[in-house]
Structures are given as C-alpha cells and as structure tokens.
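> Quick note: the sequence shown uses my numbering, first residue 1, plus one each step.
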Amino acid sequence: MTRTPVQNPAGRHGRPAYDRDSLLEVAVVVFNERGYDGTGMEELARRLGLSKSSIYHHVSGKEELLELAVNRALDAIFAVLDEEERQAPDPVVGSPATARMKRVIHRSVEVLAAELPYVTLLLRLHGNSEVEQRALARRREFDHRVAELMTRAAAEGGIRADIDPHLASRLLFGTVNSLVEWYRPDRGLTVETLADALTTILFDGLHGPASG
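1) Where does the unbroken alpha helix (DSSP H) through residue 179 begin, and where does it stop?
2) Using 8 Å as the Cβ pair cut-off and three pairs as the minimum, do the region 69 to 87 and the region 178 to 197 touch?
3) Going by beta carbon distance, what residues of the same chain come within less than 7 Å of residue 123, once the five residues before and after it are set aside?
4) Looking at residue 109: is its Cβ nearer than 8 Å to the Cβ of residue 195?
5) Taking its Cβ as the centre, do 16 or more other Cβ atoms sit within 10 Å of residue 9, making it buried, or is it exposed?
6) Assign residue 106 to buried or exposed, taking buried as 16 or more other Cβ atoms, counted over all protein chains shown, within 10 Å of its Cβ.
7) Kindly confirm or deny that the region 128 to 136 and the region 56 to 74 touch, where touching means at least three C-beta pairs closer than 8 Å.
8) Could you give the DSSP three-state label for residue 136: helix, strand or coil?
9) Please report the residue range of the alpha helix (DSSP H) in which residue 20 lies.
10) Going by other Cβ atoms of all chains shown within 10 Å of its Cβ, with 16 needed for buried, is residue 150 buried or exposed?
11) How would you call residue 208, buried or exposed, if buried means at least 16 neighbouring beta carbons within 10 angstroms?
12) Label residue 171 either buried or exposed according to how many other C-beta atoms from any shown protein chain fall within 10 Å of its C-beta, with 16 as the threshold for buried.
13) So, helix, strand or coil for residue 162, using DSSP?
14) Take residue 147 and list the residues in its own chain whose beta-carbon comes closer than 7 Å to its own, dropping the five residues that flank it on each side.
15) Grab me the residues of residue 199's own chain with a C-beta within less than 8 Å of its C-beta, minus the 5 sequence neighbours each way, in chain order.
16) From what residue to what residue does the alpha helix (DSSP H) around residue 122 run?
17) Return the residue from the list 41, 47 and 127 that minimises the CA-CA distance to residue 56.
18) Should residue 79 be labelled buried (16 or more other beta-carbon atoms within 10 Å of its own) or exposed?
19) Take residue 74 and list the residues in its own chain whose beta-carbon comes closer than 8 Å to its own, dropping the five residues that flank it on each side.
20) Please state the DSSP three-state secondary structure of residue 108.
21) Is residue 68 helix, strand or coil when you go by DSSP?
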C-alpha cells in the first residue's frame, strides 16, 4: 500500500514525514503481513524509516495503532446499520426489513473493499489484549443488531423463518468476510459487480429459472 505523505514528504535529515493517519496506514500493512503479536516497534520503525521516538510523537505505542485501525473498520461497518435505521420505510416494498437486509449486505461489501486492510486486521483478532477484546465485543454487538434485522425480515415473510436468525446472520457475514482472503481491487472486478453478485447469491441462491 502506498504511503500517504504529509504536506512536507521529506522531514528533517531527509527522513520521510508522517502524520498519524499515514503512519497508521503503514502499520496496518505490517500488522497484516507479520501478525500484530509478531510485530514490534523496532520493525515498525524500520518499515517507516523513523526512529521509535518519532513514532511515539504520534501514538503511545503499537496498541494504540491497533485500536485506531480496528475502530476505523468497526465505525465503517456500524455506519452501514446506522444509515439503514435512519431510512424511512418504503411503502412499496413488501418486506421492508428484507430490503434493508439486502442493502446492508451490499453496503458491507462496499465498505470491506474501501477499508480492506483495516477490516482484514479486525477479522484476524484473537482477543489477546484489552483492545482486541473490546473490538470483539463490538463485533458481537454488530452481529446482534443484524440478527434482530433478520428476525424482523422473517416475521414479515421476506426470508425463511426456519433458520435461527443469529445463525443466518453469521452465515451471511461469514461469506462477506471471506472476501478479505481473495478480493484484490486491482484485478479488474469492480466493487459494484462483486456486491451485486454476492447479494443475489445470498438471497436468491444459485438455482436457475425452471425450464420449459
């Protein structure tokens, strides 16, 4: 990932200059490559071309970098639910909760693509620190809110009601989250195409129209 320089790309003594956002951008790449637990401040300093003291000028340490990164991912995915809850119901739609669920899935794919390194890091957390445990708690909150929306969609008859909504939401977002393992924005597949295809398959399945 390309570093995002501050206005003065070369700091004093010819070293690269970073603000906190651009420092975070590089740190997330390193965390994803080496694993958070396997990354020390020495490695971050080497990859950034900075001294450790220069990093500490912006953040208190790698744990703060982790918290900034996973909160960026979590804030983005929660925003998808929040924006849906602010939408006025469409009286033309037969099952408003199902329509909202489809939009949540579609927008979640778009968010994952836009914040790919940050979401990737979030999905690889193991709960080994307080920061990770807080992030995992927020993920559980997200799952709970999606399950509530699934329950409303089932009650309206928009989706099948014989599958536990918590299980259904986990299966749906397990599919969405699997994109971090193979989706690469530079390989010609547009986000819109990906989001459309995934939403269609998840809600309509792969069966074709009945023949003749």
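Each residue gets a CB set at the ideal place from its N, CA and C atoms; glycine is no exception.
Reading from the atomic positions:
1) Premise fails: residue 179 is in no alpha helix (DSSP H) and is neither H nor E.
2) no
3) 177 and 180
4) yes
5) With a pLDDT of 40 at residue 9, under the threshold of 50, the modelled position of that residue is not reliable, and the figure given next carries that caveat. By the neighbour-count rule (16 or more Cβ atoms within 10 Å), residue 9 is not buried but exposed.
6) buried
7) yes
8) helix
9) 20 to 34
10) buried
11) exposed
12) exposed
13) coil
14) 165, 166 and 169
15) 102, 105, 106 and 109
16) 116 to 123
17) 41
18) exposed
19) 122, 135, 138, 139 and 142
20) helix
21) helix
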